[in-house]
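Below is one structure; the comments refer to it alone.
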Amino acid sequence: MIKMAHSFSATLQLTALGALLLFALTTVQPTDASAEPPETVCTQCHASLPDQLGTPVALWRKSIHAENGISCDSCHGGNPKDAANAMDRSRGFSGAPGEPEVPGFCGRCHPGVLKDYLASAHGKALGQGGPTCVTCHGNHQVLKASLELINEKSCSRCHSFERARAIKAAMQGTEGHILDIDRRISGFKASGVDTDRLGKALFAERNRFHTLFHDVNVERVKAESIRIDAALGKLDRDLKEIEETRTKRKVVGGIAVFSMLLIALLVHLLKKSYP
Amino acid sequence: MLKRLYDWIDLRIGAREIVQKELTGYLLPRKINEWYSLGSVLLVIFALQVATGILLMIYYVPDAERAFKSITFIMNELPYGWLIRLCHAVGSNMMVAVLMLHMLSTLIMGSYKSPRELNWLTGFLLFTLVQGISLTGYLAPWSQLSFWATTVATNSASAIPAIGPYLVEFLRGGKLVGPPTLGRFFALHVALLPIAIAALIGAHLFLLKRTGISTPPFGDPETNKPWQPKSYSYQSHPGGIPFFPNYALQDLTSICIYFAIFLALVFFAPNLFFTPDAFVPADPFQTPAHIKPEWYFLANYQTLKIFPSELLGLFVQAAAMTFLALLPFIDRSPERHPLKRPLFLACAVGGILLWIGLTVWGHFS
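As you go down the protein sequences, you meet chains A and B in turn. For the numbering used here, count along the first sequence from 1 and bump the result up by 1. For the numbering used here, count along the second sequence from 1 and bump the result up by 40.
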């Protein structure tokens with residue numbers, strides 16, 4: 002009897018231990034991970050400073066750079082992990098550029114855009130009162146390149162809006178097309194469709210489209226927008242093919258589900274015929 | 041032709057006798073209900089998981105460098121690969137859901153009670169192993185979701201005093217989740233756990249055959265004398281209905297209804313069990329914003345968040361699971377009708393509501 006009780010107690014303990022171990026292995030815990038922009042000694046220190054020394058941090062947090070993990074040191078150099086030597090020029094800190102150096106400063110990461118800018122009327126007026134990158138895109142709250150940046154309030158700071166309006170009108174349809182295709186590709190990607198080729202093709206067309214952003218020749222912008230639209234049309238057809246395939250699958254799925262329910266009903270009725 | 045073949049087989053193995061004993065002469069309670077067919081549904085699901093798993097193994101590459109690409113190939117290039125993969129992924133969730141329903145019906149009808157404690161224990165172990173096989177399969181696509189969900193899941197073991205850190209390293213095959221983890225989890229997923237599950241299913245069915253099917257506690261009793269054996273005895277059902285064709289048709293009806301729901305999910309809501317992170321390759325340097333476990337672990341996830349100490353949270357969950365596993369040894373009363381067991385019914389309903397509440401909370405937290 003005592004032996005049996007011992008044996009039962011041991012079984013209970015073993016089962017409890019097994020259940021505990023199995024459960025520990027199959028449970029999960031919450032994670033504190035978040036999509037916050039990267040914190041560096043630059044942001045930690047400057048965020049607490051007043052006025053123009055602290056403002057850039059708050060502005061940067063709302064920028065496309067922060068969204069993509071591009072932090073202070075990516076542009077200004079220096080060591081973002083060493084507070085004491087973060088702004089040591091002998092260790093790569095470059096500080097803030099003067100106005101004529103701004104395009105070259107940004108162009109280190111955006112060489113294609115720099116080329117387009119320098120070829121444009123804006124670029125040719127560099128150093129003679131013409132705009133630099135930060136005039137339209139902002140310097141710390143860097144805005145994503147979009148047609149929204151071409152607006153009366155911004156452009157009319159330097160000249161009339163008429164030509165810019167015509168350029169914007171020519172590009173608006175293409176941008177809408179790009180955004181629509183981007184949205185559809187993202188939707189498919191989020192459901193397991195291999196959108197690698199489509200994504201790359203859209204990326205190329207979007208870049209081609211972005212080169213027009215610094216062009217002020219209305220006719221050239223119109224002609225190029227038509228060519229880009231034609232290329233986007235091919236992507237549109239590829240996406241429609243995927244959509245059609247998905248619709249066909251749903252039709253087949255509907256038939257399969259209906260068939261199963263019908264068989265279930267028939268078998269149920271057959272069962273009822275037995276005593 | 042078929043009759044001649046049947047005669048030929050019968051001459052050699054006595055097929056008619058087996059059919060008579062196991063099918064047409066195998067009598068079940070007259071009051072048997074639809075819930076009893078969930079076991080057959082689970083057998084079909086397990087078979088389908090094995091079949092789709094074998095098909096996936098032909099093209100899946102269990103290597104961290106190539107796993108995601110191989111899954112992308114299966115989903116996009118391989119003819120009907122998407123269907124096989126979705127059946128496997130949706131099927132694993134359905135297996136957990138149906139298993140929960142099967143256990144719930146066993147609880148409500150008191151079928152776990154003496155002398156069926158071992159049936160319950162094997163079923164409970166099957167439940168934990170099914171959760172384990174789902175967890176190990178989760179890592180296979182080597183996506184952001186699978187990588188980070190496995191990171192947080194294996195990290196939970198670190199809360200176990202003394203052995204925790206070693207256990208985590210043993211599970212991962214290193215300090216962090218990496219290629220060795222995929223190798224280990226893949227071996228567990230395709231070899232060890234399926235064999236263990238198959239063996240436990242065998243044991244579960246063996247126990248079922250040796251003890252006999254329990255009578256549902258509802259309606260008029262089958263006999264005036266309740267079946268409460270003091271020594272081994274098979275619970276027979278004289279005057280009952282034959283398994284074949286009567287109850288086999290009920291099994292078939294339930295299986296068809298299951299397939300209707302399963303196919304509806306596969307074709308119309310395939311992403312119900314996936315988040316967008318499931319389609320992004322694993323990146324150990326970029327933690328996604330919110331990693332949440334599968335729906336059946338959400339209650340556990342939320343429990344861990346409620347308690348201030350991780351160890352306490354684990355302990356409470358382990359205690360609840362241990363209580364559930366040992367329920368037949370704790371609840372010794374022979375009464376099986378749920379309405380005649382008010383304490384049990386209150387605890388069961390409360391437990392279910394708590395689980396649902398924690399799951400919903402975990403989902404929205």
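Ideal Cβ positions, reconstructed from N, Cα and C, are used throughout, including at glycine.
### Query
What is the C-beta distance between B:N159 and B:H244, in whole angstroms, given that I count them as a contact (C-beta under 8 Å)?
6 Å
#### Entry: Where A:S287 sits in the DSSP three-state scheme
There is simply no residue 287 of chain A to check, as chain A begins at 2 and stops at 276 in what is shown.
### Task
Specify the secondary structure class of A:I71 as computed by DSSP and reduced to three states.
coil
### Task
Inspect the CB distances between the stretch 203-222 of chain B and the stretch 360-370 of chain B and report whether three or more fall short of 8 Å.
no
### Message
With a threshold of 8 Å, are at least 3 pairs of Cβ atoms found where one atom belongs to the stretch 245-263 of chain A and the other to the stretch 300-311 of chain B?
### Response
yes
#### Entry: Residue burial classification, B:L185 (beta-carbon count within 10 angstroms, cutoff 16)
buried
### Contact set for B:Y287: own chain, Cβ-Cβ below 7 Å, skip 5 residues either direction
L68, I72, I281
### Query
Counting pairs of Cβ atoms below 8 Å between the stretch 102-119 of chain A and the stretch 205-216 of chain A, do you hit three or more?
yes
### Query
From the beta carbon of B:T64, is the nearest beta carbon of chain A less than 9 Å away?
It does not: the Cβ of B:T64 has no partner Cβ on chain A nearer than 9 Å.
### Message
Taking the straight line between their C-alpha atoms, what separation do you get for B:I111 and B:I241?
### Response
Near 30 Å, if we compare the C-alpha coordinates of B:I241 and B:I111.
### Message
Does any residue of chain A have a CB that is nearer than 9 Å to the CB of B:Q60?
### Response
no
### chain A contact residues for B:A238, given Cβ-Cβ distances below 8 Å
Chain A residues near B:A238: none, gap ~18 Å exceeds 8 Å.
### Query
Who are the near neighbours of A:L26 in its chain, counting only those whose CB is closer than 8 Å to its CB and skipping five residues on each side?
Because A:L26 carries a pLDDT of 38, less than 50, the predicted location of this residue cannot be relied on, and the following value inherits that uncertainty. Cβ neighbours of A:L26 beyond the five flanking positions: none.
### Strand pairing of B:S183, partner residues [DSSP]
Its beta-bridge partners are B:P321.
### Query
Of the residues A:T248, A:A122, A:R238, A:R158, which one's Cα is nearest the Cα of A:H178?
A:R238
### Query
Taking 9 Å as the CB-CB limit, is A:M88 close to chain B?
no
### Task
Check whether the Cβ atoms of B:Y99 and B:F113 lie closer than 9 Å to each other.
yes
### Task
Over the uninterrupted alpha helix (DSSP H) stretch that includes B:I114, give me the two end residues.
107-116 is the extent of the alpha helix (DSSP H) around B:I114.
### Message
So, with DSSP's three-state summary, where would you put B:I200?
### Response
coil
### Message
Below 8 Å on C-beta distance, what does B:F307 contact in chain A?
### Response
R250, K251, V253, G254, G255, A257, V258
### Task
Would you verify that the beta carbon of B:E375 is, or is not, closer than 9 Å to some beta carbon of chain A?
No, B:E375 lies away from the interface with chain A (no Cβ there is under 9 Å from its Cβ).
### Query
Using 9 Å as the limit for Cβ to Cβ distance, is B:L303 near chain A?
yes
### Message
So that I know if they touch, is there some Cβ in chain A lying closer than 9 Å to that of B:T447?
### Response
An answer regarding residue 447 of chain B cannot be provided, because it is not within the stretch 41 to 405 covered by chain B.
### Message
What does the alpha-carbon distance come out to for the pair A:F189 and A:T196?
### Response
7 Å
### Task
Give the DSSP-derived three-state secondary structure of A:L50 in the structure shown.
coil
### Task
Could you name the residues of the same chain whose beta carbon sits closer than 7 Å to that of B:R56, not counting the 5 residues immediately before and after it, in chain order?
So the list reads D50, once near-sequence residues are dropped.
### Query
Tell me which same chain residues have a C-beta within less than 7 Å of the C-beta of B:F177, skipping the five on either side of it?
Contrary to the premise, residue 177 of chain B reads as Gly rather than Phe in this sequence. Contacts found: S132, H229.
### Query
For the stretch 98-113 of chain B, which residues have a beta carbon sitting closer than 7 Å to at least one beta carbon of chain A?
Cβ contacts with chain A come from T112.
### Message
Would the stretch 79-94 of chain A count as touching the stretch 159-174 of chain A if we require 3 or more Cβ pairs under 8 Å?
### Response
no
### Task
Please check the pair B:L426 and B:S196, which I expect to be a contact at CB under 8 Å, by giving their CB distance rounded to whole angstroms.
Beyond the ends of chain B as shown, which are 41 and 405, falls residue 426 of chain B; an answer cannot be given.
### Task
Indicate the three-state DSSP secondary structure (helix, strand or coil) for A:P132 in the structure shown.
coil
### Residue from A:D216, A:R221, A:P81 with nearest C-alpha to A:H123
Residue A:D216 holds the alpha-carbon nearest to the alpha-carbon of A:H123 among A:D216, A:R221, A:P81.
### Query
Taking just the CA atoms, how far does A:C156 sit from A:A202?
31 Å
### Message
I'd like to know whether the C-beta atoms of B:E74 and B:T293 end up nearer to each other than 9 Å.
### Response
yes
### Partners in chain A for B:I53, counting only beta-carbon separations shorter than 7 Å
The premise fails here: B:I53 is roughly 28 Å from chain A at the closest Cβ pair, so nothing lies under 7 Å.
### Query
When the Cα of B:A339 is compared with those of B:D317, B:I94, B:L394, B:F307, which residue comes out closest?
B:L394
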